[in-house]
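To start, the structure under review is shown below, and the notes come after it.
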Amino acid sequence: MKEAAEYLKASELIGIPTETVYGLAANALDPNAVKKIFEVKGRPQDNPLIVHICDLDMIFPLVQAVSETALRLAEAFWPGPLTIVLPKSDVILNEISAGLDTVAVRFPSHKIALALIKEAGFPLAAPSANLSGRPSPTTAQHVLQDLNGKIPLILDGGKCEVGLESTVISLKDDTVKLLRPGAITPSMLKKYCGKLEVSGAVLKRLKKGETAPSPGMKYKHYAPKANVVIIKGDLPDFIDYVNSKKSQDTFALVFDDEQAGLAVQAITYGVKPKEQAQELFSALRRVDELGAKTVYVRCPDINGIGLAVYNRLLRAAGFQEIDLSL
Ligand code: TXA
Ligand code: MG
Numbered sequence: 000m001k002e003a004a005e006y007l008k009a010s011e012l013i014g015i016p017t018e019t020v021y022g023l024a025a026n027a028l029d030p031n032a033v034k035k036i037f038e039v040k041g042r043p044q045d046n047p048l049i050v051h052i053c054d055l056d057m058i059f060p061l062v063q064a065v066s067e068t069a070l071r072l073a074e075a076f077w078p079g080p081l082t083i084v085l086p087k088s089d090v091i092l093n094e095i096s097a098g099l100d101t102v103a104v105r106f107p108s109h110k111i112a113l114a115l116i117k118e119a120g121f122p123l124a125a126p127s128a129n130l131s132g133r134p135s136p137t138t139a140q141h142v143l144q145d146l147n148g149k150i151p152l153i154l155d156g157g158k159c160e161v162g163l164e165s166t167v168i169s170l171k172d173d174t175v176k177l178l179r180p181g182a183i184t185p186s187m188l189k190k191y192c193g194k195l196e197v198s199g200a201v202l203k204r205l206k207k208g209e210t211a212p213s214p215g216m217k218y219k220h221y222a223p224k225a226n227v228v229i230i231k232g233d234l235p236d237f238i239d240y241v242n243s244k245k246s247q248d249t250f251a252l253v254f255d256d257e258q259a260g261l262a263v264q265a266i267t268y269g270v271k272p273k274e275q276a277q278e279l280f281s282a283l284r285r286v287d288e289l290g291a292k293t294v295y296v297r298c299p300d301i302n303g304i305g306l307a308v309y310n311r312l313l314r315a316a317g318f319q320e321i322d323l324s325l
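Heads up, the sequence shown stops at 325 in numbering that gives the first Met the number 0, and the numbers go up one at a time, no gaps.
Next comes the structure, spelled out in structure tokens:
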């Protein structure tokens, strides 16, 4: 932990585990370190970063104000996988907010992340520790695959508990706007706010010229090299369809125990929504390792955390979907 904090103090980046996905961490108050994040990831400059804190009091210098609703949500879900976008203070570097007048703040629950922020004594800017556009890393090995030779240290905290990035929200009075779904679900948020709006970009492609409420939504994301296609409909129809497309490098991404009857190579990603969240990104990485050119994916149930699973899959698929029940 000491060594990791020393690197951060010297403007270096390190890979860290959080309860959601692994982060590529830098001193959020150090412009040189923050610049390196964009270089190492190949991240577009207009995509802002989340600032991570290890205690509620750390938020106050970073923002202009914390509204009553924001505080209620923070107290309900922090530490945990919720990111809150608030009006930024002067402390926030332009590189962090990418020119916006807001900053995204998150208080993670992972012990290693918390201990490191405490040891360092400053908040950490940390995007997911993947190369830009690749699936987010849920193990230290995934971070190594993407960033080997580019950063001096990765803290290995094992497999991430959630497996998908945090829920991102912004606020207007008592209304919460969901910008990115995650483990803190719409029904959980509703209990602590007057109204909840799901941003259109959560389930739909942005139209040409439309401004993204969260810049990350603009990019094809979480995508393996293979062409991903989501298939809606029941299992027998899925099997018939995929078998009709059979080739050496055609794959199926199905729920556990659904391989029987498939004539193509199959990878699984759990059954329950929580398991699917945990396993989706490593399954997408495996698709590439096995050399898939096309992968047909069984569509997840979109309730609860399933909304987040589906949101990531849509981006991985560049919104390609086929509904066999029609
Ligand atoms: O779970 C997580 O949030 C992980 C771990 C490492 O904490 N971090 C993460 O960071 O997913 P990143 O950079 O991969 O995604 C941050 C998302 C992007 O979609 C970005 O556009 C959005 O948050 N975001 C950041 N600042 C924002 C702001 N001020 N307003 C709106 N969206 C913002
Ligand atoms: Mg990311």
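Here a beta-carbon is modelled for each residue, glycine too, at the ideal position from N, C-alpha and C.
Item	Value
Beta-carbon spacing of Ala291, Ala211 below 8 Å	no
Uninterrupted alpha helix (DSSP H) stretches inside the stretch 67-106 (no shorter than 4 residues)	67-76 and 93-96
His51 Cβ short of 7 Å to ligand 1 heavy atom set	yes
Closer than 7 Å: Ser165 CB and nearest ligand 2 heavy atom	no
In chain order, each beta strand (DSSP E) run of at least 3 residues that lies wholly inside the stretch 166-219	166-171, 174-179 and 194-197
CA nearest to the CA of Leu12, picked from Leu123, Pro86, His109 and Gln264	Leu123
Given Gly215 as reference, the closest of Asp287, Ser186 and Asp45 once Cα atoms are compared	Asp45
Limits of the unbroken alpha helix (DSSP H) element including Gly22	First-last for Gly22: Gly22 to Asn26, but that is the beta strand (DSSP E), not the alpha helix (DSSP H).
Supposed contact pair Ala97 and Gly22 - C-beta distance, whole angstroms, cut 8 Å	Their Cβ separation, rounded to whole angstroms, is 17 Å, which puts Gly22 and Ala97 out of contact at 8 Å.
Same chain, Cβ closer than 6 Å to Val270, neighbours up to 5 away in sequence not counted	Phe254 and Asp255
Rounded straight-line distance, which links the Cα of Glu94 to that of Ala73	25 Å
Residues that Ser108 bridges to, as DSSP identifies them	None; Ser108 has no bridge partner.
Distance cut-off 7 Å: Ala125 Cβ against heavy atoms of ligand 1	yes
DSSP state of Phe250 mapped onto helix, strand, coil	strand
Helix, strand or coil at Arg133 according to DSSP, with G and I counted as helix	coil
Within 8 Å, strictly: CB atoms of Lys35 and Val62	no
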